[in-house]
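Report on the structure given below.
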Amino acid sequence: MEGTYLQWIDFRKWKLSEKELEEKMQKEARMFLDEGYIFGEAGKGFERINLACPKETLMEGLERIKKAF
């Protein structure tokens, strides 16, 4: 990754609807990311995460996502 603090995470293999993905991310992982679909058709099934935070915060968030999925 070069030149940005935003990263796209691909969740397409779980075959969830946009609503299901958003709810799972918010309710189970307790993460509020940018839903890919707001960026257009190509963003469906993706979530965008901001990496510009302390490493400890990022690692905690990624662990919560991992446990939820």
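Mapping of the sequence shown onto our numbering: position 48 corresponds to residue 48, and the numbering continues sequentially without gaps. Here a beta-carbon is modelled for each residue, glycine too, at the ideal position from N, C-alpha and C.
| message | Looking only at its chain, what residues have a beta carbon closer than 8 Å to the beta carbon of Arg64, apart from the 5 residues adjacent to it on each side? | response | If we look at Arg64 and ignore the five residues flanking it on each side, its Cβ neighbours are Ala29, Arg30 and Met31.
| Is the CB-CB distance between Leu21 and Arg48 below 7 Å? | Not closer than 7 Å, so no.
| task | Can you give me the Cβ contacts of Ser17 inside the same chain, cut-off strictly under 8 Å, excluding the 5 residues immediately before and after it? | result | Closer than 8 Å at Cβ, skipping near neighbours: no residue.
| message | For Gly45, count the other beta carbons within 10 Å of its own beta carbon; 16 or more makes it buried, fewer makes it exposed. Which is it? | response | Buried: at least 16 other Cβ atoms inside 10 Å.
| query | What is the DSSP secondary structure of Phe69, counted as helix, strand or coil? | reply | Coil.
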